[in-house]
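*Asks:* Counting in UniProt numbering, the sequence shown runs from 1 upward without gaps.
Glycine included, every Cβ here is placed at the ideal spot set by N, Cα and C.
Being a predicted model, the structure only gives us computed values, none of them experimental.
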Amino acid sequence: MSESISDCLKSKVTIKFKKDIIDSNTYEESMYLPCIGESKTLKFNCKNNMCKLQSIWLNEEF
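(1) Who are the Cβ neighbours of residue 55 in its own chain at under 7 Å, not counting the five residues just before and after it?
(2) Could you check the C-alpha separation between residue 62 and residue 11 for me, to the nearest Å?
(3) Which same chain residues end up closer than 7 Å to residue 13 when comparing Cβ atoms and leaving out the 5 residues on each side of it in sequence?
(4) Name the DSSP bridge partner or partners of residue 23?
(5) In the DSSP assignment, find the alpha helix (DSSP H) that holds residue 10 and state where it starts and stops.
Here it is in structure tokens:
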């Protein structure tokens, strides 16, 4: 059974971050969580420092 994102964060895993610049005001931010059962990568689209969750990838690191 895999952990929820909330449970994964509570277990104090080492989180990896990655930032890809698209242009001067736009970038993609990724957060990798190596949770028990299945890892999760959350991808955000960001513009002018406001980010929206774009997707959640299971068992995929950047």
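*Replies:* The short version:
(1) For the purposes of this step, residue 55 is identified with residue 55 of the sequence shown, where counting begins at 1. So the list reads 43, once near-sequence residues are dropped.
(2) Stepping through the sequence shown from its first residue, residue 62 is reached at position 62. Stepping through the sequence shown from its first residue, residue 11 is reached at position 11. Separation of residue 62 and residue 11 (C-alpha to C-alpha, rounded to the nearest whole angstrom) is 21 Å.
(3) For the purposes of this step, residue 13 is taken as the residue at position 13 of the sequence shown. Excluding residues within five positions, the ones whose Cβ falls inside 7 Å are 33, 34, 35.
(4) As a working mapping, residue 23 is identified with position 23 in the sequence shown. According to DSSP, which records beta bridges pairwise, residue 23 is partnered with nothing at all.
(5) In the sequence shown, counting from the first residue as 1, residue 10 sits at position 10. First-last of the alpha helix (DSSP H) with residue 10: 5–10.
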